[in-house]
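Student:
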DNA sequence: CTGCATCCTCTAGCCACTAGAGGATCAAGC
DNA sequence: GCTTGATCCTCTAGTGGCTAGAGGATGCAG
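Rendered as structure tokens:
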């Protein structure tokens, strides 16, 4: 059972231009074409796109995904790099959370200080200025 | 006491190209120039850049900062919009934190499942694929 | 056969910068 | 006065990960 790009988009929940974009940057192999140049995909494309989509949702960069896919394509290789990439991604996310929590604290103070006067006395403006 | 762009960059901890960029997009007014076309700034520029920098660190978009600066430039206006912008920014940050915490959970599971074999049996790859 | 959906390629835009080319000018030391 | 290195100028292009739109070909249903 083959799929058009539109059907693949629905099956994988990835938009058509994004699929073409992934092909362009080499995450997806170039599919075969019909005589009229339309892309034709098989089930493997659905799996590969699901892989990419899941990894992107976890915040992996395209570069990281390229490595992960490469490993997935070569099952005989050691998988230490996959572990490393996952650990690094976790570290990045944890760092981002800490940073955002700090931000949240500052913003909460900012929001609590909101006033109903004119900009001249506005505490939000004041806090940003000073 | 006037400042060159380099001195302003040091005083405000904003890089030179970024200062020029802020001028280009209208966050900073065009400064006067020397006879040799070099930008000359006063203390007001330091304050304005500090404002921008602080707001950027809090994650405000350039558009939001434009509005905040506009308010700051017109102290007679009501400041409800500043409050609104701050509240919205807080909401955005809180949403982002929730999202990242979910991500962190998934990534922790991924990282705990790391294996020392080959990619064929790698749980990280497997988890991403399935 | 008409009309709409789907597909194609190609280019440009988004955000907030950042990097680099290629050149002019300045300040300090000899 | 001359050299050297820092600083400045403008302009263009690149980053990441898409997204939007132009302009056109094809497919399919009524």
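Residue numbers (my numbering), protein chains in the order written: chain A, 95 to 224; chain B, 95 to 224. Built from N, CA and C at the ideal position, the CB exists for glycine as well. What you are looking at is a predicted structure, and each value in this text was computed from that prediction instead of being measured.
#1: First and last residue of the alpha helix (DSSP H) that includes residue 110 (chain B)?
#2: Have a look at A:98, A:149, A:189 and A:179 and flag the residue whose alpha-carbon is nearest the alpha-carbon of residue 137 (chain A).
#3: Take residue 157 (chain A) as the anchor and find which of A:103, A:180 and A:203 has the nearest alpha-carbon.
#4: How would you label residue 129 (chain B), buried or exposed, when you count the other beta carbons within 10 angstroms and need 16 or more for buried?
#5: Measuring CA to CA, which of A:175, A:190, A:208 and A:203 is closest to residue 216 (chain B)?
#6: Between the Cα of residue 194 (chain A) and the Cα atoms of B:201, B:186 and B:200, which residue gives the shortest distance?
#7: Of all the CB atoms in chain B, is at least one closer than 8 Å to the CB of residue 145 (chain A)?
#8: By alpha-carbon positions, which one of A:192, A:209, A:102 and A:222 ends up nearest to residue 140 (chain A)?
#9: If we count Cβ pairs, one from each stretch, closer than 8 Å, do we get three or more for the region 164-171 of chain B versus the region 197-214 of chain A?
#10: Assuming residue 127 (chain B) and residue 134 (chain B) are in contact, meaning their beta carbons sit under 8 Å apart, how far apart are those beta carbons, in whole angstroms?
#11: Please decide whether residue 161 (chain B) counts as near chain A, where near means a Cβ-Cβ distance under 8 Å.
#12: Sorted by chain position, which residues of the same chain lie with C-beta nearer than 8 Å to residue 153 (chain A)'s C-beta, five sequence neighbours on each side aside?
#13: Quick one: list the residues of chain A neighbouring residue 183 (chain B), beta-carbon separation under 7 Å, in chain order.
#14: Here's the rule: buried if 16 or more other CB atoms are within 10 angstroms of the residue's CB, otherwise exposed. What is residue 106 (chain A)?
#15: Hey, could you find the ends of the alpha helix (DSSP H) residue 196 (chain A) is sitting in?
Tutor: Looking at the coordinates:
#1: 110-118
#2: A:98
#3: A:180
#4: exposed
#5: A:175
#6: Per the Cα distances, B:186.
#7: yes
#8: A:102
#9: yes
#10: With 8 Å as the limit, residue 127 (chain B) and residue 134 (chain B) qualify as a contact, their Cβ atoms being about 7 Å apart.
#11: no
#12: 183, 186 and 187
#13: 201
#14: buried
#15: 174-206 is the span of the alpha helix (DSSP H), which, as asked, contains residue 196 (chain A).
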